[in-house]
Amino acid sequence: MADNLLPTACTTRGKRRKKKNMAEREQEGERGSELEPNQFCCSVCLELFKDPVTIPCGHSYCKFCIEGCWDQNEEKGLYSCPQCRLVFSPRPVLGRNNLLAEVVEMLKKTNTQQVFPSFSEATAATAAEAGADAEAFASPGDVDCDFCCDTNPNKATMSCLTCVASYCPDHLKPHYNIPVLKKHQLVSATVPLQKKMCSKHNKLMEVYCRTDQKCICYLCVIDEHNSHKTVSAAAEREEQQKQLPVNQKKVQERGKEREKELKVLLEALKDFKKCSQTSVKTSSGIFDELISSLKKNCTSLEKLIKAQEKEAVAQAEGLQLQLEEEISKLRKTDTDLEQVSHVDDNIHFIQTFQSLSASCESPDVPNGCVVPSKHTFKAVAQRISELKNEVEDLVKTRWPSITAEVSSVNVLLQPEPKTREEFLNFCCPLNLDKNAVSKNMTLSDLKATCKTQQALTYDSYYGRNSYITTRITSIEQIWCSEALTKRCYWEVSLSGYTWCVAVSYKDKSGASSYKSEFGKDDRSWSLECSSKGCSLRHNDQSISVSGSVFSKIGVYLDYIEGILSFYSISGSNMTLLHRVDTTFTEPLYPCIGFKDDKSQQGTAYYAELVKNWS
237 MADNLLPTAC TTRGKRRKKK NMAEREQEGE RGSELEPNQF CCSVCLELFK DPVTIPCGHS
297 YCKFCIEGCW DQNEEKGLYS CPQCRLVFSP RPVLGRNNLL AEVVEMLKKT NTQQVFPSFS
357 EATAATAAEA GADAEAFASP GDVDCDFCCD TNPNKATMSC LTCVASYCPD HLKPHYNIPV
417 LKKHQLVSAT VPLQKKMCSK HNKLMEVYCR TDQKCICYLC VIDEHNSHKT VSAAAEREEQ
477 QKQLPVNQKK VQERGKEREK ELKVLLEALK DFKKCSQTSV KTSSGIFDEL ISSLKKNCTS
537 LEKLIKAQEK EAVAQAEGLQ LQLEEEISKL RKTDTDLEQV SHVDDNIHFI QTFQSLSASC
597 ESPDVPNGCV VPSKHTFKAV AQRISELKNE VEDLVKTRWP SITAEVSSVN VLLQPEPKTR
657 EEFLNFCCPL NLDKNAVSKN MTLSDLKATC KTQQALTYDS YYGRNSYITT RITSIEQIWC
717 SEALTKRCYW EVSLSGYTWC VAVSYKDKSG ASSYKSEFGK DDRSWSLECS SKGCSLRHND
777 QSISVSGSVF SKIGVYLDYI EGILSFYSIS GSNMTLLHRV DTTFTEPLYP CIGFKDDKSQ
837 QGTAYYAELV KNWS
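Below is the structure:
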């Protein structure tokens, strides 16, 4: 019936297109006289240009922003535009865009900067744009008019629930003019009507099932929803409409919170980039100073060697001249002696021979004055080679801690790890402190070994405070040399029946304390295991720990959040033994301890730090 009443000829839309284009051109002409702040925003920081520069491709950025982008690719030697990705090599020289800087200053004076509009303003602007485009042609996501007969249908503005069809303003006119069609129910064309149809009965969904919380048709009410609580769609809409302002307020509040978080994130990211660049420059400067110092020492050594060479050569050349003069004299004497041997006059022979014999017996230069060839500069080269090896070993030892510090720096707070693989990301290199180890323990790299003994007196065990004579159980302790003030994870492999894995503050004097067991005071936390079971001890109070304990213990420390967790490790499986939530006030040092077990005297115990770091 509706098909017979509707006009069959398509309305001419060319006039409307022409009017729309003319209106758009007029609006563009009005906007052309105004400065748009978004046109003068850096695409990196999304703010008005600060010290703007223009790169060879024509795009402009804040000088700080584009230098930060290019500094990240310094090693590759390739520098690209963040927008068009055009690559430049070598690095372009940046010049200030004075004209652009003046325009930005004009915008700042007129208070037109609004890079991030508020959430409510953005929502209102979106709604206004949607209303202005109501007459536009259908685009992806819009509802097409079912009666436009060309390939570019208009956007439908209303849908008829009686006709089950959607109409553009032109094809909707019969519903306003023809009496029979005026009685049809019209709704805004927000979604295609097909989405409002029941997939089972192909009927319009006009009922809401509160039991299943879904829209259904009347046939569904009679069928599988007959025992459910159902209401009309209008009634449910009225009920949910009451909740809309509450949800809208929540969304707006959340939007404002997200805006604040975004602002904080951008500031943090800006500070992070700045700190990163400063760190790179500082590290590079330190290495340059180190290289410069080595070069100075090298130059000084070269001068010293050359000075020594000059002095030694001068002495040798002086000796050479003396030897040459003596050789000349000896040759002359030899000639004279040969001539004297043919002299017939006895008196003349005696006088001449005695004179020549005296010169032979008094050499001008002593014999054996030349240094053997083995006394050369080889020893110097050997000492320098030893120095090089020592420096390389020092760098090799310290380098893991430096890389660990770099890896721990981040803009976003990382969540607490859940799996062993995630825990291993926070591994920090540790070393057993040879200056903080009990007398009866021996160290070998990351391994400490001790052998149980009879109970010792305090003074004989520690070799001091001889006035203390109380007999106590032998406590063997070993500390690590690293002070921890961040997130860190480490594992300890143990053997024995009575041991503890702990963290502790150092004494106020800065020394490691062996006077008390770990966990006896408020300055240490100790997980202790023996044949009687396991417990967590702190401030001389123990808490029993349940769960299977294996020979490998994992310790997770989040110093800032005040979290200390002990895990039992078996393969890739981790079992939480105990978690401490507190506030740490001083740097913490990882520690390991053993106690003598009378039933296991003479047994060798060991504890070894598991090297999970590279």
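In terms of the working numbering, the sequence shown is residues 237 to 850.
Just so you know, even glycine gets a beta-carbon here, dropped at the ideal spot from N, CA and C.
Owing to the predicted nature of the structure, the values given are computational and were not obtained by experimental measurement.
Output the boundary residues of the alpha helix (DSSP H) element that contains residue i.
i    : result
W849 : First-last for W849: undefined, no H or E at that position.
L660 : 656-660
If we count the other Cβ atoms within 10 Å of its Cβ and call it buried at 16 or more, is residue i buried or exposed?
i    : result
C534 : exposed
W726 : buried
P823 : exposed
V642 : exposed
R759 : buried
E844 : buried
T426 : exposed
V737 : buried
Y803 : buried
H584 : exposed
S782 : exposed
V579 : exposed
L772 : buried
Q342 : Inspection of the sequence shows that residue 342 is occupied by Met rather than by Gln. With fewer than 16 Cβ atoms within 10 Å of its Cβ, M342 is classed as exposed.
W735 : buried
L630 : exposed
W761 : buried
S801 : buried
C320 : exposed
Y842 : buried
N483 : exposed
C385 : exposed
Y315 : buried
V443 : buried
F523 : exposed
Would you kindly report the start and end of the unbroken beta strand (DSSP E) that includes residue i?
i    : result
C724 : 723-731
F830 : 825-831
S804 : 799-806
Y412 : Note, Y412: premise wrong, no beta strand (DSSP E); alpha helix (DSSP H) at 405-413.
K788 : 788-794
A672 : 668-673
T811 : 809-817
E764 : 760-766
Which one or two residues does DSSP pair with residue i in a beta bridge?
i    : result
Q777 : H774
C298 : P288
D380 : K391
V323 : S316
S402 : S395
L422 : C396
C277 : L284
C663 : Y725
G769 : S766
Where does residue i sit, in a helix, a strand or coil, going by DSSP?
i    : result
Y454 : helix
A719 : coil
E341 : helix
I714 : strand
V645 : coil
H584 : helix
S528 : helix
L397 : coil
R332 : strand
T706 : Residue confidence is low: T706 scores 29 on pLDDT, short of 50, so the model does not pin down where it sits. No coordinate-derived value is stated.
L314 : coil
V737 : strand
S519 : helix
C305 : helix
A363 : At A363 the pLDDT is 47, less than 50, meaning the model places this residue with poor confidence; the figure from the coordinates comes in the next sentence. Here A363 sits in helix by DSSP.
At a cut-off of 7 Å, would you count residue i as near the ligand PLP, judging by its Cβ distance to the nearest heavy atom?
i    : result
R759 : You won't find the ligand PLP in this model; it holds no ligand whatsoever.
| field | Segments of 3+ residues assigned as beta strand (DSSP E) that fall wholly inside the region 424-485 | value | 443-445, 450-452, 466-468
| Which parts of the region 535-569 are runs of the beta strand (DSSP E), unbroken and 3 residues or longer, counting only runs that do not cross its ends? | Qualifying beta strand (DSSP E) stretches: none in this window.
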